[in-house]
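Visitor: If you read the protein sequences in the order shown, they are chains D and Y.
Numbering-wise, the working numbering comes out as the position in the first sequence, counting from 1, plus 9.
Numbering-wise, the working numbering comes out as the position in the second sequence, counting from 1, plus 1403.
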Amino acid sequence: MKQKIESQIKTFEKNTKPSLHVITLNDLSTSAKINWCPGCGDYGILMALKNAVIELGIPQHELFLVSGIGCSSKTPYWTKLYGFNGLHGRALPFATGLKLANHKLTIIVVGGDGDGYAEGGNHFMHSCRRNIDMTYIVYNNQVYGLTTGQVSPTSEKNFKTKATPDPVIEEPVNPVALAIASGATFVARGFAGDVAHLRELIIQGVKHKGFAFIDVLQPCVTFNHLNTYDYFKKRVYKLEKEKFDFSNKTKAFEKAQECGDKIPIGVFYKEERITYEEQVPALAKQVLVKQPIDTKSKMEKIIKDFM
Amino acid sequence: MTKTNKLVWKIGGEAGYGIMSTGLMFAKACLRGNLHIFDYTEYPSLIRGGHNSYTVRVEDKEIHSQIQITNILAALNKETIDLHLHQLTKNGVLLYDNDESPVDKTKLRKDISYLHIPLSKIVRDIQGERVMRNNVLLGASFAVVSYDFAIVEHIIKDFFKSKGDAVINHNIALAKAGYDYITTNYKEVIKQFPNKLKKVEENKEHIFLTGNEACSLGALAAGCKFVSIYPMTPISGILSLMEHYEQRFSIVVKQPEDEISAVNMAIGAWHAGVRALTATSGGGFCLMTEGLGLAAMTETPLVVINGMRGGPSTGLPTWTEQGDLQFILHASHGEFPRIVIAPGDVDDAYNLMIDAFNLAEKYQLVVIVLTDKHLNESHKSLKKFSFETIRIERGKFLTDEQLKELAVSKQEYKRYAFVDDGVSSRVMPGQEHGLFIASSDEHNESGFFYEDADNRKKMMHKRFKKIETAMKDIPQPKLVGEKDAELTFISFGSTKGAIFEAMHFLADKKIKANFLQIKYLDPFPTESVINIIKNAKNVVCVECNYTGQLAALIKEKTGIEIKHNLRKYDGRPFFPEEINDYVMNNKRFI
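(1) State the Cα-Cα distance for the pair Ala1910/Y and Gly1900/Y, rounded to the nearest angstrom.
(2) Do you know whose CA, among Thr1950/Y, Leu1778/Y, Gly1825/Y and Met1756/Y, lies nearest Arg1794/Y's CA?
(3) Anything in chain D within Cβ reach of Gln1650/Y, meaning under 9 Å, just list it in chain order.
(4) Measuring alpha carbon to alpha carbon, tell me which residue in Asp175/D, Asn183/D and Leu107/D is nearest Ala127/D.
(5) If contact means a Cβ-Cβ distance below 7 Å, which residues of the segment 84-99 of chain D contact chain Y?
(6) In three-state DSSP terms, what is Glu68/D?
(7) Based on Cα-Cα distance, which residue from Tyr1853/Y, Asp1887/Y and Glu1608/Y lies nearest to Glu309/D?
(8) If you measure from the beta carbon of Asp1551/Y to each beta carbon in chain A, is any gap under 8 Å?
(9) Go through its chain and collect everything with a Cβ distance to Asp254/D's Cβ below 7 Å, but skip five positions before and after it.
(10) Mark Ser1842/Y as exposed unless 16 or more other C-beta atoms lie within 10 angstroms of its C-beta, in which case mark it buried.
(11) Please go through the same chain and pick out, in chain order, the residues whose beta-carbon is closer than 6 Å to the beta-carbon of Thr1692/Y, but skip the five residues on each side of it.
(12) Pro221/D to Val160/D, Cα distance in whole Å?
(13) Enumerated in chain order, which unbroken segments of the beta strand (DSSP E) with a length of 3 residues or greater are wholly contained in the segment 1709-1785 of chain Y?
(14) Rounded to whole angstroms, what is the Cα-Cα separation between Lys1869/Y and Leu1768/Y?
(15) By the 10 Å Cβ neighbour count, where 16 or more other Cβ atoms means buried, how is Asn1709/Y classified, buried or exposed?
(16) What residues in its chain sit with their C-beta under 8 Å from that of Gly1837/Y, if we drop five residues either side in the sequence?
(17) According to DSSP, is Ser76/D part of a helix, a strand, or is it coil?
(18) Phe73/D versus chain Y: which residues are under 7 Å apart at the beta carbon?
(19) When the Cα of Ile1731/Y is compared with those of Thr1458/Y, Tyr1972/Y and Gln1952/Y, which residue comes out closest?
(20) Using C-beta distances below 6 Å, list every residue in its chain close to Ser1827/Y, excluding the 5 sequence neighbours before and after it, in chain order.
(21) Just list the beta strand (DSSP E) runs in the segment 1846-1934 of chain Y, keeping only unbroken ones of 3 residues or longer that don't cross its boundaries, in chain order.
(22) Assign Ser1619/Y to one of three DSSP states: helix, strand, or coil.
(23) In terms of alpha-carbon separation, which member of Thr1509/Y, Tyr1499/Y and Leu1438/Y lies closest to Ile1525/Y?
(24) Using the Cα positions of Met1862/Y and Asn1847/Y, report the straight-line distance between them to the nearest angstrom.
(25) Please report the distance separating the alpha-carbon of Arg1651/Y from that of Phe1760/Y.
(26) Pull out every residue of the segment 196-211 of chain D whose Cβ sits closer than 7 Å to any Cβ of chain Y, in chain order.
(27) Does Met1535/Y come out as helix, strand or coil in the three-state DSSP assignment?
(28) Just curious, the alpha helix (DSSP H) that Gly1567/Y is in, first and last residue?
(29) Does DSSP classify Ala1625/Y as helix, strand or coil?
(30) Could you give the distance in angstroms between the alpha-carbon of Val1998/Y and the alpha-carbon of Met1906/Y?
(31) Between Ile1515/Y and chain D, is there a C-beta pair that is closer than 8 Å?
(32) Any beta carbon from chain D within less than 8 Å of Ser1735/Y's own beta carbon?
(33) Closer than 7 Å, Cβ to Cβ, to anything on chain Y: give me those residues from the segment 297-309 of chain D, in chain order.
(34) By DSSP, does Thr1950/Y sit in helix, in strand, or in coil?
(35) Looking at the C-beta of Gly8/D, does it have a partner C-beta in chain Y at a distance below 8 Å?
(36) Does chain Y have any CB closer than 8 Å to the CB of Asn111/D?
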């Protein structure tokens, strides 16, 4: 059994090894005009993402960008890769079906905090434990942008907006802690104001074999006047600078609780674990989509079970 | 008068005492004798403690439905006797254990035989457990109909083959004890009992399967490679069977976190170019409706099975109904074309599933296959399916060479290009030069969100044009039965079986009837239905719901109001007798 799994992993690695390819920023541009607000944190994330794609050198046609609905979910329109702008909260299950049907694709899922932690909260939890090889980047601006400024699951307690004037009386979701507790094998936090650092996190996330989750602190210049660039710049510090041991799950969970005057960014937790798709027998030899439809002889055999 | 190979047998007892496995063994033993079977189960939404019953109808010709009466009632408890004794026909036999379920001697029916068999004692004597009493009843039942015990022995061997010789032999011994007890103690009753079962010598290669199994086989034959199903009665059998064949067919079967995930995973797989299936029942379908719209907007093919059960809400989880028709026809917000197919029996289910996959992919449409608990979970025997020509039509895809040609000539691949038939070519993500974006927003030909009024109109036309194009592949419904009939039945789905059986009965009474089964409910075959109704003398619409959803659909599409409606909404399927009674009690028809 162990040997079988090892050989499955080898075949899988052979199949998924990216070939080096030179991509430029221009290659990644589309004809559509970007319509985020000037100064939006999303620009920084888009730049980090594109630079990561360039650095990774994976041919564009082997990359698939999946999103949900929200400001951040517009990213696929402005990134020339295979793209799918689907339903609010449902990007992860779509990406899961896509990956299992063609596990040679490198899949990056993007979305906002409302998309991932409210509407898609259940899918997020299960995607973490499932450990399918994909990267999930959440543009976390702690507010709803596209619906013009309501509170979000990550809005701080007592946070109010024009659209939702009652102060928040719930505790915010802690996405990093939730991901660690749910069994994600790569858990990180980035900051949209630090593009170079975020680019490195995305590269690590994509290279990580398994479900890589990156929560990105993203200022919303229009609707969130609390969690601004300045707010974050005063607070964020890099975990790698203090040589944080990201292999320790308990420490990672403890570190995830730190989110007051000081906010850690970087990799909280990382673990090597067999992926979901590596354990699916049908995917050991060939991607599902390339397997021919040839059912006659198999049908002749199994019909005997009904006689 | 002896009636060889014409029998209805029913076993009943408390849930958890092997009623379902005994019923299946009884049916399979008959199948091995080349006999035809239809079975019907009733069980509550409980694991232990409720009342279960399993009815097997056996004949030497194909059977389409269960009937109300029974010739043998095998009772594992007293409740079975209380609930079902009245269904026993004259000369019928009750098999029961008087030590455990004593009958009131003052109220005995004179026209049936009460055959006491000490089930518990027999089980104790052979060192069996209480849950094995069912096997004793199985043997006893076959003794009453003088069936060859060797066949029964074979079936027990097959059933327990994974459990080793000791278990097999123990179970055979129990069944044999039951068989011998009846043979020894009730010689005269057996002689008098009119309904005998005897193996038919010619081998006709019958198969025996449920609607769930037929749907699964259809999907497998059609090349379905990805299955995402959240368990729900009555379609859970599809999930189990697909997992059973997962390795042999090299497919991926996923039980996701909910139905929302199930439908979105299926859409993801279809988008990658893999044929995918999801299945659910009404409550789960509610959760999937958002996904239907996504598939429609992104023009991703999709096949969904909705197995109906009694609603609303949790409703009657383990009982049948046809209450979702109007919901299915309109599910999800906004307007988009869809195909809704309702198989009436296992043969339809197998064949229409293959059609569902071809239509979904060829025309990039949402296809919903509408079944119900009665079809999903009742076994029927029929001629073996032929796998000689399994038609697979995948529709328009661009090859790597075609994409390269486009790239070389600096032309853009437009996933949603406006084309005459509405069906624009797909690529499989991963193909070089095929980059495109699919969007749930309204979009232009390249897939970019675009809210221009003229573009919106063109895209609506494009999407609806696909269903017009698909119409040429969708067969028109046909009348089955007598031409100048007094009565024309119209229905959809599993009511087909009871109507077929009722037509046989009415033919014996010299009442000519015919039947219009509407398999494709959307797009609705308006012209054909108008012609058939206009030429019919008396039309009766038969459906398992309260509001008459098929009749409403017919009225909406044809403008014709059907005056005679036979409806049932008690969670039970139609029994042919109910249709017979409805006809015989209406002077207009006879």
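Every residue, glycine too, gets a C-beta built ideally from N, C-alpha and C.
Guide: In short:
(1) Looking up residue 1910/Y in the second sequence gives position 507. Looking up residue 1900/Y in the second sequence gives position 497. Each residue's alpha carbon lies about 16 Å from the other.
(2) The residue given as residue 1794/Y occupies position 391 in the second sequence. It is Met1756/Y.
(3) Indexing the second sequence from 1 puts residue 1650/Y at position 247. The answer, in chain order, is Pro290 and Ala291.
(4) The sequence position of residue 127/D within the first sequence is 118, counting from 1. It is Asn183/D.
(5) For the segment 84-99 of chain D, which is checked against every Cβ of chain Y, the residues closer than 7 Å are Pro85, Tyr86, Lys89, Leu90, Tyr91, Gly92, Phe93, Asn94, Gly95, Leu96 and Arg99.
(6) What you label residue 68/D is simply residue 59 of the first sequence in a count that begins at 1. Checking the displayed sequence, the identity of residue 68/D turns out to be Pro instead of Glu. Pro68/D: coil per DSSP, three-state reduction.
(7) Translated into positions along the first sequence, residue 309/D becomes position 300. Relative to the Cα of Glu309/D, the nearest Cα in the group Tyr1853/Y, Asp1887/Y and Glu1608/Y belongs to Glu1608/Y.
(8) No chain A appears in this structure, whose protein chains are D and Y.
(9) Within the first sequence, residue 254/D is the residue found at index 245, counting from 1. Contacts found: Lys260.
(10) What you label residue 1842/Y is simply residue 439 of the second sequence in a count that begins at 1. Looking at its Cβ environment, which holds 16 or more other Cβ atoms inside 10 Å, Ser1842/Y is buried.
(11) One-based indexing of the second sequence puts residue 1692/Y at position 289. For Thr1692/Y, the CB contacts under 6 Å within the same chain, skipping 5 residues up- and downstream, are Ala1734 and Ser1735 in chain order.
(12) Start at 1 with the first residue of the first sequence, and residue 221/D comes out as number 212. Start at 1 with the first residue of the first sequence, and residue 160/D comes out as number 151. Contrary to the premise, residue 221/D reads as Ala rather than Pro in this sequence. Those two C-alpha atoms are separated by around 26 Å.
(13) DSSP assignment within the segment 1709-1785 of chain Y yields the following whole beta strand (DSSP E) runs of 3 residues or more, N-terminal first: 1741-1744 and 1769-1775.
(14) For the purposes of this step, residue 1869/Y is identified with residue 466 of the second sequence, where counting begins at 1. For the purposes of this step, residue 1768/Y is identified with residue 365 of the second sequence, where counting begins at 1. The alpha-carbon atoms of Lys1869/Y and Leu1768/Y are separated by roughly 8 Å.
(15) One-based indexing of the second sequence puts residue 1709/Y at position 306. It is buried - the Cβ of Asn1709/Y has at least 16 other Cβ atoms within 10 Å.
(16) Translated into the one-based positions of the second sequence, residue 1837/Y becomes position 434. These residues qualify, in order along the chain: Leu1801, Leu1806, Tyr1816, Val1830 and Met1831.
(17) In the first sequence, the residue the question calls residue 76/D occupies position 67. Strand.
(18) Sequence index remark: in the first sequence, residue 73/D carries index 64 (1-based). Neighbours of Phe73/D in chain Y, taken as residues at a C-beta separation under 7 Å, are given in chain order as Pro1832.
(19) If you number the second sequence from 1, residue 1731/Y lands on position 328. If you compare the alpha carbons of Thr1458/Y, Tyr1972/Y and Gln1952/Y with that of Ile1731/Y, the shortest gap goes to Gln1952/Y.
(20) What you label residue 1827/Y is simply residue 424 of the second sequence in a count that begins at 1. The answer, listed in chain order, is Tyr1819 and Ala1820.
(21) Runs found: 1882-1884, 1890-1894, 1916-1920 and 1923-1925.
(22) The sequence position of residue 1619/Y within the second sequence is 216, counting from 1. Annotated three-state conformation of Ser1619/Y is helix, per DSSP.
(23) Numbered from its first residue, the second sequence carries residue 1525/Y at position 122. Taking only the C-alpha atoms, the option nearest Ile1525/Y is Tyr1499/Y.
(24) Position 459 of the second sequence, counted from the first residue, corresponds to residue 1862/Y. Position 444 of the second sequence, counted from the first residue, corresponds to residue 1847/Y. About 8 Å.
(25) Here the question's residue 1651/Y lines up with position 248 in the second sequence. Here the question's residue 1760/Y lines up with position 357 in the second sequence. The straight-line gap from Cα to Cα measures roughly 20 Å.
(26) Within the segment 196-211 of chain D, no residue qualifies.
(27) Along the second sequence, one-based indexing puts residue 1535/Y at 132. Met1535/Y: helix per DSSP, three-state reduction.
(28) Your numbering for residue 1567/Y matches position 164 in the second sequence. Taken as a continuous stretch (DSSP letters only), Gly1567/Y belongs to no alpha helix (DSSP H), as it is neither H nor E.
(29) Here the question's residue 1625/Y lines up with position 222 in the second sequence. The DSSP-derived three-state label of Ala1625/Y is coil.
(30) Coverage of chain Y is limited to positions 1404 through 1993, which leaves residue 1998/Y absent and any answer about it impossible.
(31) The sequence position of residue 1515/Y within the second sequence is 112, counting from 1. So no, Ile1515/Y is outside the interface.
(32) For the purposes of this step, residue 1735/Y is taken as the residue at position 332 of the second sequence. The beta-carbon of Ser1735/Y is placed no less than 8 Å from the nearest beta-carbon of chain D.
(33) The residues in question are Leu297, Val298, Gln300, Ile302, Thr304, Lys305, Lys307, Met308 and Glu309.
(34) Counting from 1 along the second sequence, the entry for residue 1950/Y is found at position 547. Three-state DSSP puts Thr1950/Y in coil, outside helix and strand.
(35) Residue 8/D falls outside the range modelled here, since chain D spans only 10 to 316, and no answer is possible.
(36) Here residue 111/D refers to the residue found at position 102 when the first sequence is read from its first residue. Closer than 8 Å: yes.
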